[in-house]
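Engineer:
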Amino acid sequence: MILNDTNGKRFVNNDILQRKRKVHESAMKVPTSSIASTLFLLSFASSSLAVKSSDFKTCSQSGFCRRGRALAERAKVAGEAWHSPYSVEPSSLSISSTESSFTANIKSSLYPSINFGLDVRIQDDGVVRVRMDELDSLRKRYDEAARWALIAEPRISQNIKWTVGKKDVRAVYGDKKDIEVAIEFQPLRVVLRRSGKEQVVVNGRGLLHMEHFRTQESENPVVASEEGLDEQEVMQVKSTAWFEGESEDAYWEETFSSWTDSKPKGPESLSIDITFPNHGHVYGIPQHATSLSLPTTQGENAFFSEPYRLYNADVFEYIASSTMSLYGSIPVMHAQSAESTVGVFHLVGSEMWIDVAHPADKSTQTHWVSESGILDLFILPGPTPADVFAQYTRLTGTVPLPAEWALGYHQSRWNYVSSDDVRGVQKRFDEEDIPVDVFWLDIEYAEEHKYFIWDKKTFPDPVEMTNDVAATGRKMVVIIDPHLKRSDNYPVYQQAKELDVLVKTKDGQSEFEGWCWSGSSSWVDFFNPNSWDWWKSLFKTTESDKWSWTDSTDDIYIWHDMNEPAIFSGPEITMPKDSIHYGGWEHRDLHNINGMIMPNVTGQGLIARSDPPKRPFVLIRSFYAGSQRFGAMWTGDNLGTWEHMTVGIKMVLANSIAGMSFAGSDVGGFFGNPEPEMLVRWYHVGAFSPFFRAHAHLDTKRREPYLLDEPYKSIIKDILRLRYSMLPIWYTAFHESSITGLPVLRYVHASVAKSSPLTTKVALGHNMSFSLKIPQALPSMTSSTLEDPVYYDYFSHQAYRGTAKGKTITVPAALHQVPLLIRGGSILATRERPRRSSPLMKHDPFTLRIALDNQSGARGELYIDDGTTFAHEQGNYVWRAFLAEKGRKGKGLRITSRDLPAAVGNEFDPKNEYARSVKGVRVEKVVVLGLAGKPTNVTLEGGEELVWNFVPGTAATEKKEGTASVLTIKDPRLGIADDWAIVVKT
C-alpha cells in the first residue's frame, strides 16, 4: 500500500517494511558458509575536458563561504587561544519526563542579548539528534527541511537516563552500554564515544557560529572607533572582531557577474565543525565528481583548494575531478576506520560548503558552512556500514522496489525525432535480437517544448506508437521539465496561473519569469500544497473536467530533467535566491530541496492513473536527502571520455552511500563520439550499474548497438544478454535494499587489519560483489586483491585463492571478456534464455549457480513477484533461500530450497496468489563449482536419480589455483516456489 501524508510524501507501509526487515535480519542469522557474491573488475584509461567554471561561484565569490573560511583561518592562527563563544546555561537545562531528551538555552559571549535554544534527543536506534535555533528573533530561520527529507518524526528512545554534572550532561546506552554521548557546557561541545573512544566531536574546534538576525541600520558586528565606549563595550567590540572579523562581508547584498542578490534578511549563515578523531576516511556528501574516499580541501597537502559545494546546479560538461557542485545535494557523510563506521546527517536545505582535512593519519576534520537554516544534526553511531545505512534510511526512507522492467536496458538520445524513428529503432533491435526494455524521448517530442503536448507534425500518433512499443512488453519514457512556457495556448501553464501556484519574484507578488528550453517560462512552486492534486491530475489518460493527458497510456513513464531548477537567464544557471516560494520562504532557504517534490507528486500521478495501480518510474537529475523514495537518478551531462567513465562509477557509489541506490551514468557519455572500444567498455560499466541507460546529445553520431561493426556489435549484445540473465539477482538486491536500506551497489568495508580508502571494492546487493580497478592505461588484463578464500571466474570456472591478508591476482580482461568473478559461498539464480525484453521472461525457468567455499558450503536468495503492481505489499511474492552444505557424515553435498519468510518463523502464506501463478516455473539447471570429488549419484531427496554430468578440475581437491570442477544437473524440474532437496553423494 502506498501512503500519502500531508506533505505529499510517498513511502511503503511501515508495518510491511518492518515485518520484512525482521525476516531479513533473521535470515542473516542462519548459519551459512559465507555471503554469496561475485567480483567484477574493469580497467580504463583517462583524458580530460574542462567546464566553463566562470558560470559558477568559488568560495571566494560567495559571501557566507568567505566568512566561514575566514572564521576557520582566524581559529587556526589563534591556535590554543581560540575558544568558542557558545555555551550552555546549566540553570536552563530541562530534561523531559521520560528522560528521553533535554532542552537548554545557549548563549554567545559575542552577543549577550541574543538567545539560542538547544534540543538534544536520542532515538530508538541510538541516533543522536542535535537541534539549535535562534529564539525570539526578528525573523524565523528556515526549519522545514526535516518536513521534506524525513519519512516521519523519529521515535525517541524511552530507555535513556541523562546524568547532569557540573560541566556536562551525558547518557550511556546501547545493548552493551558502550555508547556515550556528552554535551559539554562551556564551551558547547557534543561528543559521541564508543568504548571510551571518541567517534564524533561537534564544535571541538570552536567554529560553531549561527549568525543571528539583525537590522541593517541598528546593528553592526563591529564599529570603526572605540571612542565613547566604556571598557566593557570596548572588550565586546574587540571580542566580536576577533571572532567574526573586522568588517561586514556581503551581509545585505551580493553580486556575481551581472546579477545582484538582495538579502532582505541579512546574514544568517550557519558554521559548524565536525571532527572524526579516529576515522581516517570520509565518504558521501554527493554529488561530486571525485574519488569515493573524499580528498582533502585544507592542509599543507590539500588535494583540492576549494571546499565541496552542495548547491544543485546544471553544470555543462562538468570536470571529472572537482569539488564543484553538481545536480544533487545530500548532506550525509560516513567516516570509516578499521574498527568502525559512523556518520552525520546535517539537515539543511540551503547552499553549503564543506572543507575536509586530515591533520593525522587516523583522523578527519570537517567544516560545514550553510547559507541559512537551523542546526539539525543527526549523529549516526554505526558501528558498521550496514548500521549506518539502516540508521540513515530509517530517517529518510529506502528505495522502493522498482518495476522489474526498469532494471533492464534503456535506449535514449536527444532526440528520436518522430514516431517512425521510434518504430524503426525498435525494429532494428528486434532484427538484431538485442534486448531492450525502454525507449526514451527528449524535449523535441513536445510542441514548442510545451510538455505533455505532442508535436503532431512528427508524432501524429503517440498512443498508437506507444502501443506498438508495448506489444513486446516495452515501455516509453518521455521528458517533462519543470519550466512551463508562458503561452495563452498552453493549458498546463494557464491552469497553474489560475491556481496561483507559480514561483514569485522577490516582491512576493509577481510571477517569476526566466528562460529555458521553452523560451519565456514560469516554474510551478511544488512547495505549495495547492499544486499537488492538480499536478497529479495531469497524468490521467482519460477525459476529465480539466485538461488531462489523453494522448498518453499506462506504458508511458516520466523523466524530470532541469529540476535544480536550471534557468538559462539566472545566476549560476538557476533561480535567483531572493525569489519567493509558498510560505514566504526565499529560494535560498530551500534551493537544494526544490528538485525532490516534483518527482514525488509525479509518481503519485502515475500510480493514480491506473487500476490496479502500477509502480511508477520517474528519473530525476536534481535530488536531496530522501529523494530515493521518489525516483532513479543519473549523473547528468557527462562526457564520452575514459575519465568520465571512471568517475561515473565513483559517483554512483557515492550516491548509493547517501541512499540514492537507483543510480547510473549515461553509457557512452552524453557529449562526444567514443570510439568503439571505449563504448564496449562503457557497456561493461552500464551492465553493472543499477540504472542502465545509453543516452547521447543531439550533436553526436547515432550509436545504438546495432549500428556498430563487428565484433563490437556482438560483444555488446552479449553484455546486454548477460545483464538480462542476471535480472533476478538485481531484483533480489533491490528487494533487500527496500527492506534494510543497504545500497544495491555498495562499498565493502575494509579489512579489520588495516584502514584503507574504499575506492575499489564494491558490492551488488547481498549475493554479488565487484572490485573496480582503474589503472591509467587500458591493458588486456586487470588485477584485484582478494581476501576471501576462493573465487571462480563466471565463464571459465577458473578458481582463484585469496588469503587473510589479501592476495593480488590477474584476471583476463580482453575486450570481449567481462572480468566477472563469483566469490565462493555464493548461490546465484539467473534466467538464461534470450528474450527481447524482461516482461517476456516472467515464465522462464531458472539456472542456479552454486560456487562452493572451502568448507563446501554456499547460500543465496531469490525474490520474485509480478514486477509491476503493488500486490507484493499484500504478501504476493516468492522469496526463497538456497543452501548448499555437506551431507551426512561430512560427505557429499545437500542442496535445498525453502521459503525464506516461513523458514525464520514469519507469518506468510507460501501458497499466495503470485506463488500459485508461477507454479509451472522451474529450475532447469543446477551448476555446482568446486565439488571435491566425482559424485556416485545425484538424486532428489527421497526420490528419483537426476541426469547429471561432472567435469573434474585441477583445483577441485587441492587449495590451489586452476580450473574448478563443474557438476551440471540437467533439468531437475524443480518448482521455483517449492521446497525441495538434492542429494549429491561422493
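Residue numbering for the sequence shown follows the UniProt record's numbering, beginning at 1 and increasing consecutively. C-beta atoms are modelled at their ideal positions from N, C-alpha and C, and glycine is treated no differently. Keep in mind it's a predicted model, so treat the numbers as computed, not measured.
Under the assumption that residue 310 contacts residue 285 (Cβ atoms under 8 Å), give the Cβ distance between them as a whole number of angstroms.
Structural biologist: Translated into positions along the sequence shown, residue 310 becomes position 310. Translated into positions along the sequence shown, residue 285 becomes position 285. Indeed, because the Cβ distance is near 7 Å, the residues count as touching under 8 Å.
Engineer: Look up residue 826 in the DSSP assignment and say whether it is helix, strand or coil.
Structural biologist: What you label residue 826 is simply residue 826 of the sequence shown in a count that begins at 1. In the structure shown, residue 826 sits in a strand (DSSP, three-state: E or B).
Engineer: For residue 610, which residues of its own chain have a beta-carbon under 7 Å away from its beta-carbon, when the five flanking residues on both sides are left out?
Structural biologist: Your numbering for residue 610 matches position 610 in the sequence shown. Correct list, in chain order: 554.
Engineer: Quick one: grab the DSSP three-state call for residue 571.
Structural biologist: In the sequence shown, residue 571 corresponds to position 571, counting from 1. Here residue 571 sits in helix by DSSP.
Engineer: Below 8 Å, can you find three or more Cβ-Cβ pairs linking the segment 850-870 to the segment 436-453?
Structural biologist: Verdict: no, contact absent.
Engineer: Is it buried or exposed, residue 403, if we count other Cβ atoms within 10 angstroms and call 16 or more buried?
Structural biologist: Translated into positions along the sequence shown, residue 403 becomes position 403. Residue 403 is buried by the Cβ-count criterion.
Engineer: DSSP three-state call for residue 368: helix, strand or coil?
Structural biologist: Taking the first residue of the sequence shown as 1, we reach residue 368 at position 368. Residue 368: strand per DSSP, three-state reduction.
Engineer: What does the alpha-carbon distance come out to for the pair residue 560 and residue 730?
Structural biologist: Taking the first residue of the sequence shown as position 1, residue 560 is located at position 560. Taking the first residue of the sequence shown as position 1, residue 730 is located at position 730. Answer to the nearest angstrom: the Cα atoms are 24 Å apart.
Engineer: Since residue 714 is in the alpha helix (DSSP H), which residue starts that stretch and which ends it?
Structural biologist: By 1-based counting over the sequence shown, the position of residue 714 is 714. That run of the alpha helix (DSSP H) goes 712-725.
Engineer: Our contact map puts residue 70 next to residue 245 with C-beta atoms below 8 Å; I'd like the distance itself, whole angstroms only.
Structural biologist: In the sequence shown, counting from the first residue as 1, residue 70 sits at position 70. In the sequence shown, counting from the first residue as 1, residue 245 sits at position 245. Right, the Cβ-Cβ distance comes to about 6 Å (below 8 Å), so this counts as a contact.
Engineer: Could you name each continuous alpha helix (DSSP H) segment of 4 residues or more that falls completely within the segment 553-608, going from the start of the chain to the end?
Structural biologist: The qualifying runs are 587-590 and 594-608.
Engineer: Just verifying my parser: in three-state terms, what is the DSSP assignment at residue 443?
Structural biologist: For the purposes of this step, residue 443 is taken as residue 443 along the sequence shown, with counting starting at 1. Three-state DSSP puts residue 443 in a helix.
Engineer: Bridge partners for residue 846 per DSSP, in chain order?
Structural biologist: Numbered from its first residue, the sequence shown carries residue 846 at position 846. According to DSSP, which records beta bridges pairwise, residue 846 is partnered with 923.
Engineer: Following the continuous alpha helix (DSSP H) through residue 419, name the residue where it begins and the one where it ends.
Structural biologist: Walking along the sequence shown from the start, residue 419 turns up at place 419. Taken as a continuous stretch (DSSP letters only), the alpha helix (DSSP H) holding residue 419 covers 419-431.
Engineer: Going by C-alpha distance, which of 540, 507 and 576 is nearest residue 515?
Structural biologist: The residue given as residue 515 occupies position 515 in the sequence shown. Residue 515 has its Cα closest to that of 576, out of 540, 507 and 576.
Engineer: Should residue 362 and residue 280 be called a contact, given that it needs their Cβ atoms to be closer than 8 Å?
Structural biologist: Taking the first residue of the sequence shown as 1, we reach residue 362 at position 362. Taking the first residue of the sequence shown as 1, we reach residue 280 at position 280. Against a cut-off of 8 Å, the Cβ pair of residue 280 and residue 362 comes out as a contact.
Engineer: Can you have a look at residue 68 and say buried or exposed, based on whether 16 or more other CB atoms are within 10 angstroms of its CB?
Structural biologist: Against the sequence shown, residue 68 aligns to sequence position 68. That one is buried.
Engineer: What distance in whole Å lies between the Cβ atoms of residue 447 and residue 453, which are believed to be in contact at a cut-off of 8 Å?
Structural biologist: As a working mapping, residue 453 is identified with position 453 in the sequence shown. As a working mapping, residue 447 is identified with position 447 in the sequence shown. Contact holds; Cβ gap of about 5 Å.
Engineer: Which value, in whole angstroms, describes the spacing of the CA atoms of residue 920 and residue 896?
Structural biologist: Numbered from its first residue, the sequence shown carries residue 920 at position 920. Numbered from its first residue, the sequence shown carries residue 896 at position 896. Their Cα atoms are separated by approximately 19 Å.
Engineer: Would you decide whether residue 77 is buried or exposed? Buried here means 16 or more other CB atoms lie within 10 Å of its CB.
Structural biologist: Reading the sequence shown from its first residue, position 77 is the one you call residue 77. Exposed, since its Cβ has fewer than 16 Cβ neighbours within 10 Å.
Engineer: Measuring alpha carbon to alpha carbon, tell me which residue in 597, 697 and 297 is nearest residue 364.
Structural biologist: Along the sequence shown, read from residue 1 onward, the residue named residue 364 stands at position 364. With distances taken between Cα atoms, residue 364 lies closest to 297.
Engineer: Does the beta carbon of residue 829 sit closer than 8 Å to a beta carbon anywhere in chain C?
Structural biologist: In the displayed structure, chain C is absent; only one protein chain is listed.
Engineer: Measure the alpha-carbon distance for residue 65 versus residue 250 and round it to whole angstroms.
Structural biologist: Mapped onto the sequence shown, residue 65 falls at position 65. Mapped onto the sequence shown, residue 250 falls at position 250. Their Cα atoms are separated by approximately 10 Å.
Engineer: Suppose you measure from the CA of residue 427 to the CA of residue 545; what does that come to, to the nearest Å?
Structural biologist: As a position in the sequence shown, residue 427 is number 427, starting the count at 1. As a position in the sequence shown, residue 545 is number 545, starting the count at 1. Their Cα atoms are separated by approximately 39 Å.
Engineer: Going by alpha carbons, who is nearest to residue 344 out of 818, 673 and 126?
Structural biologist: For the purposes of this step, residue 344 is taken as residue 344 along the sequence shown, with counting starting at 1. Minimum Cα distance to residue 344 is reached at 126.
Engineer: Expressed to the nearest angstrom, what Euclidean distance is found between the alpha-carbon atoms of residue 528 and residue 278?
Structural biologist: What you label residue 528 is simply residue 528 of the sequence shown in a count that begins at 1. What you label residue 278 is simply residue 278 of the sequence shown in a count that begins at 1. Cα-Cα distance, rounded: 44 Å.
Engineer: Residues in the same chain with beta-carbon distance under 6 Å from residue 129, minus the five sequence neighbours each way, listed in chain order, please.
Structural biologist: Taking the first residue of the sequence shown as 1, we reach residue 129 at position 129. For residue 129, where only same-chain residues beyond five positions count, the Cβ hits under 6 Å are 121 and 378.
Engineer: Quick one: what does DSSP say residue 651 is sitting in, helix, strand or coil?
Structural biologist: The residue given as residue 651 occupies position 651 in the sequence shown. DSSP places residue 651 in helix when its eight states are reduced to three.
Engineer: Residues in its own chain within less than 8 Å of residue 854 by CB, not counting five upstream and five downstream?
Structural biologist: By 1-based counting over the sequence shown, the position of residue 854 is 854. The residues are 789, 790, 824 and 959.
Engineer: Rounded to a whole number of angstroms, what is the C-alpha to C-alpha distance between residue 143 and residue 117?
Structural biologist: In the sequence shown, counting from the first residue as 1, residue 143 sits at position 143. In the sequence shown, counting from the first residue as 1, residue 117 sits at position 117. Each residue's alpha carbon lies about 13 Å from the other.
Engineer: Using DSSP with H/G/I as helix, E/B as strand and the rest coil, what is residue 838?
Structural biologist: As a working note, residue 838 is residue 838 in the sequence shown. It is helical.
Engineer: Drop a sphere of 10 angstroms on the beta-carbon of residue 974, count the other beta-carbons inside from all chains shown, and report buried for 16 or more, exposed for fewer.
Structural biologist: As a working note, residue 974 is residue 974 in the sequence shown. With 16 or more Cβ atoms within 10 Å of its Cβ, residue 974 is classed as buried.
Engineer: Tell me which same chain residues have a C-beta within less than 8 Å of the C-beta of residue 132, skipping the five on either side of it?
Structural biologist: The sequence position of residue 132 within the sequence shown is 132, counting from 1. Cβ within range, chain order: 106, 116, 117, 118, 119, 210, 374 and 375.
Engineer: Does DSSP put residue 883 in a helix, in a strand, or in coil?
Structural biologist: As a working mapping, residue 883 is identified with position 883 in the sequence shown. Here residue 883 sits in strand by DSSP.
Engineer: On the criterion of 16 or more Cβ atoms from any shown chain inside 10 Å, does residue 675 qualify as buried, or is it exposed?
Structural biologist: Locating residue 675 in the sequence shown gives position 675, counting from the first residue. Answer is exposed; the Cβ neighbour count stays below 16.
Engineer: If we count the other Cβ atoms within 10 Å of its Cβ and call it buried at 16 or more, is residue 698 buried or exposed?
Structural biologist: Stepping through the sequence shown from its first residue, residue 698 is reached at position 698. Exposed, since its Cβ has fewer than 16 Cβ neighbours within 10 Å.
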